[in-house]
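Chemist: I have a structure here, written as structure tokens, and I will follow up with some questions on it.
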Amino acid sequence: MPAISRKTAIGSLIEQFLDDNEGDISPNLYSDLEDLAEEVDEAAKDLHDEVDELQDRVKELEEELEAVE
4 MPAISRKTAI GSLIEQFLDD NEGDISPNLY SDLEDLAEEV DEAAKDLHDE VDELQDRVKE
64 LEEELEAVE
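Spelled out as structure tokens, the structure:
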């Protein structure tokens, strides 16, 4: 199977490993590693979203602080 484009470096690394070792690993392991790569990408997206929300909150608090000063 060709590699799936991943959004994270670790997801891409897992996909590259799968491509390089496709003939040497079981179909179940292949599927499990595909799932892992997807989970990594989803977790990274969630963390990125959380960072964005926190940055927005910091900006709001900075604006509130400026208004109070």
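First residue of the sequence shown? That's 4 in our numbering, and the numbers climb one at a time after it.
All residues carry an ideal CB built from backbone N, CA and C; glycine is no exception.
1) Just reading off the alpha helix (DSSP H) that residue 72 is part of, what are its end residues?
2) For residue 48, name the three-state secondary structure that DSSP assigns.
3) Could you give the C-beta distance for residue 40 and residue 17, rounded to a whole number, given that I count them as a contact under 8 Å?
4) Would residue 10 and residue 44 qualify as a contact pair, given that the criterion is a beta-carbon distance under 8 Å?
5) Terminal residues of the continuous alpha helix (DSSP H) containing residue 14?
6) Quick check on residue 29: does DSSP put it in helix, strand or coil?
Modeler: Walking through what the data contain:
1) It is not in any alpha helix (DSSP H) - residue 72 carries neither H nor E in the DSSP assignment.
2) It is helical.
3) Cβ-Cβ separation between residue 40 and residue 17: approximately 4 Å, consistent with a contact (criterion under 8 Å).
4) yes
5) 12-24
6) coil
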